[in-house]
Every structure is written in C-alpha cells, then in structure tokens.
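S.K.: Residue numbers (our numbering), protein chains in the order written: chain A, -11 to 233; chain B, 2 to 310.
Each residue gets a CB set at the ideal place from its N, CA and C atoms; glycine is no exception.
Starting off with a structure, shown below.
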Amino acid sequence: MTKIAVLVKQVPDTNSKIVISGDSVDLSSVKMVMSPYDEFAVENALRHKESVGGTVTAITVGGAGAEKVLKDAKAIGVDEIVRIDCDSYLDSNALQSILSSMIAEGGFEVVYCGKSAADTGAGSTGPGIAEHLGWASVSNITDSNSEGNFTVVAPLNDGNAVIEVRLPAVITCDKGNTKVRKPNVKGIMQAKRAQVDIRACEVPTSSVSVVSQSLPPAKPEGKMYEGGQSASEVARLLRDEANII
Amino acid sequence: MTNTIVIAELNKGSIHSTTKELVSAAQMLGSSCTVVVPCTDSSVADSISSTSGVEKVIVAKSEIFANYDASGWASAIDSVTPEGIIIASASPQSKDLAARLAARRKVSVVQDVVAIQDGKLTSPVYSGKAMQTVSMSGNAVISVRQNVFDASPDGGSAEVSVIDASGNVATAVRELIARASARLDVSEANIIISGGRGMGSPDNFSHLEQIADTLGAAVGASRAAVDTWDDIPHSMQVGQTGKTVNPNLYIAVGISGAIQHLAGMRSSKYIVAINKDPDAPIFQHADYGIVATWEEALPVLQSSLSAMM
C-alpha cells in the first residue's frame, strides 16, 4: 500500500483581474480556484494509486477558506483531505519546513505537486521539500508510470527523457498530455460530506518578507499601423528604434 | 558587505551569456563575487574568468553534471559553494536547483527577480499581473530572469580553482524519447515568433519558421493553437500552462492576447503584434501593432528583414 500525498493550493482564478489597494494585492472580490498545475498533480497521484494500490491524501496550507480546493480534490477521488491551519505569510523556507514535517510524520512515499503555483509562479515548494526530506525530486514531468520501476517523463537539455526515480520522491507536474478527470455527481456529494482533517502547526520565522505589491509599470502606448505593407516600416523600427535587428 | 556566489548557467557545454547578467545582479547585492561553474570539463570556465566583477571562479567538476539530477546537483554544488547570497538564472532547471540549494542551507529562495534596489528584490507575481517587492534578512538564494540586467563587461582576471565535486544522485535517465528539435526552444531564444489559431492551419506555421530562420528566432504558439492542432506540440506553448519567456523581441501573429498567453510573454522587451482584428487585446501590449492578416503582413516582414540581415 503506497501512501501518496498531493499538495494543492488555492489561487485567484487565472482569468481574474488583479486589483491593488494601498500597497498590496486585494483578493477580496476574486474567485479562488485550485492552482492549474495542481490539477495535473492530483491526476498523476490518482493514477499512481490506481496502478499500485494505496491512498492519496490531498494537503493544503491555509485558513478555512482554502478548504474548497480540498473538496475539489476529494470530488475526483482522493481519499483523505488535510488542511494545515496557517493563514499568515510564509516564506519558502517556513512553508517547506511545515510541509516536510507533515509529510515525514504521515509516512508518505511519494508526493505530487504542481510545477508552480499560479500566484507566485516560483516553483520552489516541490524541490524544496524534497531537499528538506533528503528525497529525490523530478520537476516539470509530463507523464508518469508507476507499474514496475517508477518512471516519469521530464524535459532534459537534449529532449524529453524517461527517468527512473528512486522513491521516496517529490514529483512536480507540468501539463503534458495529461487529461484531468472531471468529478461525477457521486464524487461531488461525497466531497460535500467529507471531513477535513485540520492540523495545527508551529509557524517558523520567515527571513523574507513582503515590502509591497504593485501593478506592473504601464507600457507606453505602442505604434499602430494598418495593412500588411506597414510590416516593412515595423521592420525598420525594430532595427533603428529598438536596435534589435 | 555580503559574499555573493553566482551559479554559472550552462547551455550545450558552454557558459550561457546570461551568467554575465547574474554577475551584474550580484554586484548590486554584495561584494566579492564568486562564480561556481558546475561542469564535466573544466575548460568551459575560461570564458567567465575575465568578466569584470568576478573575484573567484570555482570550477565544480563532476560527471554528475552530465545530466540534471536535482538532488545530485544540489549536494555537489553546495559542497563547493562558500557562504553568502547565491544567485542563479531563472531558467526552469536553475530555479529547481535554486529551490533545492536554499532548502539545503535552510534559507529562503526568491525566484524570477527582475529588479534589485537597496537590497530589495522585485519579482512578477500573479503571472505578471502584479509585481512584488521583498526584503531579506541574512543569506538567501535568488534566481534572476534573463535579459533584465546588463551583462557585466570584460576586464577582470579572477583566480580559478578546480574542485572535484560529488553528490547523491537519485534518478537515472532510462531513455531519451523525444530529441529536442533542431529548432531553438522558446525558453532559450532572444527572439520568438509565435502563431495562434489565426494562422488557420498548422501548415501555415512554415511562414513563421521562415522568419525565425532569418532572425535566428524560436517559433512559439498560443494555447489555442496547441489545443486545436496535434501537429503543434505543447513544448512550443507560451503562456500560463506553457512556458514563460522573456525575450528581447516577441512577435505574436494571429494571437488575440488572452490573459493566459499574456502571462507567459508580457515581460518581453519589445512586442510586435500582427492581427486582423483591431480590437484584439494583444495590441494593448504591443510596441508595434499591425492590423492585417498574416497572409498580407508576413511576406512583407520576411522580405524587409531578409534585406537587413
């Protein structure tokens, strides 16, 4: 029985507009969803369970509002859902300390997560917790196969490779050709009733702190041209004005 | 002042030009910059030792560096790297390494830095829809986006030492299943020309390839194009669920400019948009916009650019 964990994070819907109030991002009127790459992580975790047997536990860190993404994971088939109760800002080291101790205590053998979260875009959590745990990690996988020796497909410098990974390991997931399953009515009903396992944690000190958030500097208005013939003028500007060609 | 250590970015057996940009970033954060070069052949390090601002070059030589293994690389590089702020490139592989190095040293990592001021670091968040500035106390590992900082000029003479490094490898490559195409990858290109569903069919991407060949550019695609046509692989996709790119020039052809796509390319230095719809959102982000069909605009662009090269 393989104990599989999948890390999921709640982020603003990627189609939403980001609003700044004061010197920080205001998410009060933004729809929150599961970070898109985490959906691929859940799918890979469920496939892993289906081929070797075991359980999948979805874990998130956040306040009570973050439980919706756990229910979403439950609706498509994860067994357990865990929220580590912490609503304060965590830098990468603090977050990874919390998650890696939870994973070590839980006796997991493989952890899946998205290649990066849609809010920070950093992609630090997967490889970071692997290092905290002293585990192997492979990032940005586009496929996985857990029958026989565990292998994943991931990009290397000279192309995509099938990589054999020694467990325990952390695997971060890219899209690839992974089709994410949709919940059925039964799954949605089960998810509604499912109990979230809430864990307390000690919040480690962060050495990185956010000073401010702002909108990106507005781009000066560009030059617009009509008709295909103007492409020659644009080519000239790329050479003479932008100094690129 | 703090020690700074730049991890050299390697590409196809030589030091990538962005390494000199990392040296510039290092000089904004501290003094006495050391460059660590992870390699299998120590001669690659010659090209960096004469860069201004580099005091020391540590060549970490190991067979481990033939293929990327996160655990092996982090342990091997950590063993030869002095204390200080570590600076790596924000390429997918180096961001992964940066995260492991930071965790190994129990410090934090700040990814995708695009500005450094008074020791504070700014990175894009929410797919570039906002910028976030952070401060750090003590050492950290940071990754820096390409094409943001000027390259540190020539004019140094660093002391070079070679150390045999070793680490704990935890993965093994079994089989290469898709050789990287001969074409430049979008994540490595300084110029990218991308097509969207407006190209009409995947065969028409040959017109983009012609211009790419003229410019030494990579060919990219929007998510709509990748999802619609099997012949356009996901490896070409620029945007939220594809690759984030930061080239000097991005040419978007037949791409409307969905938020998804903008997330992956909006920080390009110059953006050219060609679209027949004057209201396409991509034009709001373009430095140069051409309202025309690709059939009208691309041949003109191709011949004008050819004449300049």
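Over what stretch of residues does the beta strand (DSSP E) that includes Leu144 of chain A continue unbroken?
M.R.: Segment 139 to 144, the beta strand (DSSP E) holding Leu144 of chain A.
S.K.: Within 8 Å, do at least three Cβ pairs link the stretch 175 to 195 of chain A to the stretch 259 to 276 of chain B?
M.R.: In short, these stretches do not touch, since the Cβ pair count stays below three.
S.K.: Gln217 of chain A versus chain B: which residues are under 9 Å apart at the beta carbon?
M.R.: Simply Ala293, Glu297, Ala298, Val301.
S.K.: Between Asn32 of chain A and the rest of its own chain, which residues show a CB-CB distance below 6 Å, the 5 nearest in sequence each way excluded?
M.R.: Taken in chain order, the residues that qualify are Tyr100, Ser132, Cys161.
S.K.: Let me know if Met(-11) of chain A comes out buried or exposed under the rule of 16 or more other beta-carbons within 10 Å of its beta-carbon.
M.R.: Classification for Met(-11) of chain A: exposed.
S.K.: For Val110 of chain B, would you say it is in contact with chain A, using Cβ-to-Cβ distances shorter than 8 Å as the test?
M.R.: Closer than 8 Å to some Cβ of chain A, the Cβ of Val110 of chain B qualifies, so yes.
S.K.: Just verifying my parser: in three-state terms, what is the DSSP assignment at Thr2 of chain A?
M.R.: Three-state result, Thr2 of chain A: coil.
S.K.: What's the C-alpha gap between Ala92 of chain A and Leu121 of chain A?
M.R.: Going by the C-alpha atoms only, they are around 7 Å apart.
S.K.: Can at least three beta-carbon pairs, one atom from the stretch 157 to 171 of chain B and one from the stretch 95 to 111 of chain B, be found at a separation below 8 Å?
M.R.: Touching, no, given that fewer than three Cβ pairs across the two stretches are closer than 8 Å.
S.K.: Please list the partners that Phe150 of chain B has in chain A, where partner means a Cβ-to-Cβ separation under 8 Å.
M.R.: Ordered by position in chain A, no residue passes the 8 Å Cβ test against Phe150 of chain B, which lies about 17 Å from the chain.
S.K.: For the alpha helix (DSSP H) containing Ala184 of chain B, list its first residue and its last residue.
M.R.: What sits at residue 184 of chain B in the sequence shown is Arg, not Ala. Here Arg184 of chain B belongs to no alpha helix (DSSP H), and DSSP marks it neither H nor E.
S.K.: Would you give the residue range spanned by the beta strand (DSSP E) that Asn128 of chain A belongs to?
M.R.: It spans 124 to 129 - the beta strand (DSSP E) in which Asn128 of chain A sits, taken as one unbroken run.
S.K.: Report buried or exposed for Gly243 of chain B, applying the criterion of at least 16 other Cβ atoms within 10 angstroms of its Cβ.
M.R.: So Gly243 of chain B counts as buried.
S.K.: On the DSSP letters alone, give me the boundaries of the alpha helix (DSSP H) that Val227 of chain B sits inside.
M.R.: Start and end: 224 to 229.
S.K.: Whose C-beta lies closer than 8 Å to the C-beta of Ile95 of chain A among residues of the same chain, with five residues either side of it excluded?
M.R.: Rather than Ile, the amino acid found at residue 95 of chain A in this sequence is Gly. Hits under 8 Å: Lys(-9).
S.K.: Verify whether the separation of the beta carbon atoms of Ile129 of chain A and Val141 of chain A is less than 8 Å.
M.R.: Their beta carbons are under 8 Å apart, which means Ile129 of chain A touches Val141 of chain A by this criterion.
S.K.: Residue range of the alpha helix (DSSP H) that Gly207 of chain B falls in?
M.R.: Correcting the residue identity first, residue 207 of chain B is Ser in this sequence and not Gly. Counting along the chain, the alpha helix (DSSP H) containing Ser207 of chain B begins and ends at 206 to 216.
S.K.: Val276 of chain A by DSSP, collapsed to three states: which one?
M.R.: There is simply no residue 276 of chain A to check, as chain A begins at -11 and stops at 233 in what is shown.
S.K.: Per the contact definition of three or more C-beta pairs closer than 8 Å, is the stretch 208 to 228 of chain B in contact with the stretch 174 to 188 of chain B?
M.R.: Yes, the stretch 174 to 188 of chain B is in contact with the stretch 208 to 228 of chain B.
S.K.: Flag Ile260 of chain B as yes if its beta-carbon sits less than 8 Å from any beta-carbon of chain A, otherwise no.
M.R.: Yes, its Cβ sits closer than 8 Å to a Cβ of chain A.
S.K.: Count the CB pairs spanning the stretch 122 to 142 of chain B and the stretch 66 to 82 of chain B that are closer than 8 Å, and state whether there are at least three.
M.R.: Cβ pair count under 8 Å is below three, so no.
S.K.: Quick one: grab the DSSP three-state call for Ala271 of chain B.
M.R.: It is worth fixing the name first, because residue 271 of chain B is Tyr in this sequence and not Ala. Correct three-state label for Tyr271 of chain B: strand.
S.K.: Please report the distance separating the alpha-carbon of Glu84 of chain B from that of Asp60 of chain A.
M.R.: Their Cα atoms are separated by approximately 43 Å.
S.K.: Leaving out the 5 sequence neighbours to the left and right, which residues in its chain are closer than 8 Å to Ala110 of chain A when beta-carbon positions are compared?
M.R.: Excluding residues within five positions, the ones whose Cβ falls inside 8 Å are Ser80, Ser104.
S.K.: In its own chain, which residues sit with a C-beta less than 8 Å from the C-beta of Gln(-2) of chain A, not counting the 5 before and 5 after it?
M.R.: Excluding sequence neighbours, Gln(-2) of chain A sits near Met20, Val21, Met22, Ser23, Thr48, Gly50, Gly53, Ala54, Lys56, Val57.
S.K.: Hey, how far is the Cα of Asp67 of chain A from the Cα of Ala124 of chain A?
M.R.: Their backbone Cα atoms lie some 25 Å apart in a straight line.
S.K.: Quick one: is Asn4 of chain B buried, meaning 16 or more other Cβ sit within 10 Å of its Cβ, or exposed?
M.R.: So Asn4 of chain B ends up on the buried side.
S.K.: What is the C-beta distance between Thr52 of chain B and Val24 of chain B, in whole angstroms, given that I count them as a contact (C-beta under 8 Å)?
M.R.: Contact flag correct, Cβ pair sits at about 6 Å.
S.K.: What is the C-beta distance between Ile88 of chain B and Ala27 of chain B, in whole angstroms, given that I count them as a contact (C-beta under 8 Å)?
M.R.: Right, the Cβ-Cβ distance comes to about 5 Å (below 8 Å), so this counts as a contact.
S.K.: Closer than 8 Å, CB to CB, is Glu214 of chain A near chain B or not?
M.R.: Yes, Glu214 of chain A lies at the interface with chain B (some Cβ there is under 8 Å from its Cβ).
S.K.: Any beta-carbon of chain A closer than 8 Å to the one on Gln147 of chain B?
M.R.: Answer no: the Cβ-Cβ gap between Gln147 of chain B and chain A never drops below 8 Å.
S.K.: Chain B beta carbons: is any one of them nearer than 8 Å to that of Gln201 of chain A?
M.R.: It does: the Cβ of Gln201 of chain A has a partner Cβ on chain B nearer than 8 Å.
S.K.: Ile178 of chain B CB to nearest chain A CB: under 8 Å?
M.R.: Yes, its Cβ sits closer than 8 Å to a Cβ of chain A.
S.K.: So with CB distances below 7 Å, who are the chain A contacts of Thr134 of chain B?
M.R.: Correct list: Val199, Ser200.
S.K.: So which residues of chain A does Phe69 of chain B contact, with C-beta pairs closer than 8 Å?
M.R.: Note on residue identity: the sequence assigns Tyr, not Phe, to residue 69 of chain B. Correct list: Leu144, Asn145.
S.K.: On the DSSP bridge assignment, give the partners of Arg187 of chain A in chain order.
M.R.: Answer is A:Ile72.
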